[in-house]
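One rule links them: number in our numbering = place in the sequence shown (from 1) + 153. Here's the structure, in structure tokens; my notes come after.
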Amino acid sequence: MRLLINIPSSHCNRTFSSPTQYSTSPSLTKTVGWIIFGITFGSILGLLSASILIKRLGAKNAIVISVLIVCNELVIAGLSTLLRQMSRHHGGWPFESWGINQRPDAEFVLHFGRFVEIDKIVLYLRADFPHDNYWKQVTLSFSGGSSKTASLEKSGKSQEIPLEPRKVEWVKLNELIQSEDPALFPALTQFEAYGREV
154 MRLLINIPSS HCNRTFSSPT QYSTSPSLTK TVGWIIFGIT FGSILGLLSA SILIKRLGAK
214 NAIVISVLIV CNELVIAGLS TLLRQMSRHH GGWPFESWGI NQRPDAEFVL HFGRFVEIDK
274 IVLYLRADFP HDNYWKQVTL SFSGGSSKTA SLEKSGKSQE IPLEPRKVEW VKLNELIQSE
334 DPALFPALTQ FEAYGREV
């Protein structure tokens, strides 16, 4: 089971003096371009995989598998390029993020609404450097009373925090220790929890 939580914006078009100061049109155009590139690249990989299958299995058996492979490659390539671009920007949709507004006591709580068993958390930090800072260390606190401290890197790529499987009703991201970089604004663009229903 994958529980994917997209972070709603905490400040888009409200904190800035002008609503056009951080216009998303150029970024969105660039993102669409990257998505098209990713889909094209995925199509090429899918077609190469399909041609190998046709050679090995014969055309009749491989045609359905080939279509599935091409579709899968398209989806994966498109989504991965979108995620890669999302962490490099901030502002209106789809570049929303959760920031702490320079509060040292800020925390992010995710309520599942039921007990689930989780074994991994993946974080994507906003990486609009040099505007952004990042958290070099975070703590994950769980409804059962346990916690785990993890170190993070200055990156917009996925940062995986493996966990011992545990049943929880909520998870809290807190004790956010900012790096020594001069930028003032660390932020989170995506929070993923992996596990299973119980």
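Glycine included, every Cβ here is placed at the ideal spot set by N, Cα and C.
Local conformation of Leu305 per DSSP, three classes: Your numbering for residue 305 matches position 152 in the sequence shown. DSSP places Leu305 in the coil class of the three-state scheme, outside both helix and strand.
Beta-bridge partners of Lys320, as assigned by DSSP: Taking the first residue of the sequence shown as position 1, residue 320 is located at position 167. Lys320 pairs with Glu270.
Backbone CA spacing between Trp288 and Trp323 [nearest angstrom]: Looking up residue 288 in the sequence shown gives position 135. Looking up residue 323 in the sequence shown gives position 170. Taken atom to atom, the span from the alpha-carbon of Trp288 to that of Trp323 is near 21 Å.
CA-to-CA distance, Trp251 to Asp258, given in whole angstroms: Translated into positions along the sequence shown, residue 258 becomes position 105. Translated into positions along the sequence shown, residue 251 becomes position 98. Roughly 14 Å between the two C-alpha positions.
Candidates Phe338, Asp334, Leu337 and Ile271, of which the one nearest Phe295 by Cα: Position 142 of the sequence shown holds residue 295. Ranking the options by Cα distance to Phe295, first place goes to Ile271.
Supposed close pair Ser308, Leu278 - CB separation, criterion 8 Å: Translated into positions along the sequence shown, residue 308 becomes position 155. Translated into positions along the sequence shown, residue 278 becomes position 125. About 7 Å separates the beta carbon of Ser308 from that of Leu278, a gap short enough to meet the 8 Å contact definition.
6 Å CB neighbourhood of Ser178 in its chain, flanking five on each side removed: In the sequence shown, the residue the question calls residue 178 occupies position 25. Note on Ser178: pLDDT 38, under 50, position unreliable in the model; no value is reported.
Member of Val262, Leu293, Ile314 and Asn327 whose CA lies at the smallest distance from the CA of Arg256: The sequence position of residue 256 within the sequence shown is 103, counting from 1. Out of Val262, Leu293, Ile314 and Asn327, the CA that lies nearest to the CA of Arg256 is found in Asn327.
Residues near Val275 in its chain [Cβ-Cβ closer than 6 Å; skip 5 each side]: Translated into the one-based positions of the sequence shown, residue 275 becomes position 122. Excluding the 5 residues flanking it on each side, Val275 has same chain C-beta neighbours closer than 6 Å at Ser311, Glu313 and Glu345, in chain order.
Cβ-Cβ separation, Val262 to Lys325 (assumed contact under 8 Å), whole Å: For this step, residue 325 is matched to residue 172 along the sequence shown. For this step, residue 262 is matched to residue 109 along the sequence shown. Indeed, because the Cβ distance is near 5 Å, the residues count as touching under 8 Å.
Environment of Gly297 [buried if 16+ CB atoms lie within 10 Å]: Sequence index remark: in the sequence shown, residue 297 carries index 144 (1-based). Exposed, by the Cβ-count rule.
Bridge partner(s) assigned by DSSP for Gln290: For the purposes of this step, residue 290 is taken as the residue at position 137 of the sequence shown. The partner list for Gln290 (beta bridge, DSSP) reads Ser304 and Ile330.
Beta-carbon separation (whole angstroms), Ala303 vs Val321, contact threshold 8 Å: What you label residue 303 is simply residue 150 of the sequence shown in a count that begins at 1. What you label residue 321 is simply residue 168 of the sequence shown in a count that begins at 1. The pair is not a contact, with the Cβ atoms about 16 Å apart (cut-off 8 Å).
Buried/exposed call for Ala280, threshold 16 Cβ in 10 Å: Your numbering for residue 280 matches position 127 in the sequence shown. Buried: at least 16 other Cβ atoms inside 10 Å.
Same chain only: Cβ atoms within 6 Å of Glu333, ignoring 5 sequence neighbours per side: Here residue 333 is taken as the residue at index 180 of the sequence shown, counted from 1. Here the set comprises nothing.
Cβ shell of Pro318 (< 6 Å), same chain only, five flanking positions each side left out: In the sequence shown, residue 318 corresponds to position 165, counting from 1. Taken in chain order, the residues that qualify are Glu270 and Asp272.
Per DSSP, cross-strand counterpart(s) of His264: If you number the sequence shown from 1, residue 264 lands on position 111. For His264, which the question treats as bridged, DSSP gives the partners Trp323.
Proximity winner among Pro339, Leu316, Leu293 and Asn254, relative to Glu306 (alpha-carbon distances): On the sequence shown, residue 306 is found 153 positions in, with the first residue counted as 1. Nearest option by C-alpha distance: Pro339.
Identity of the residue in Pro335, Ala336 and Pro315 nearest Tyr347 by Cα: Indexing the sequence shown from 1 puts residue 347 at position 194. Residue Pro315 is the option with its Cα nearest to Tyr347.
Contact set for Pro283: own chain, Cβ-Cβ below 7 Å, skip 5 residues either direction: Start at 1 with the first residue of the sequence shown, and residue 283 comes out as number 130. These residues qualify, in order along the chain: Ala336.
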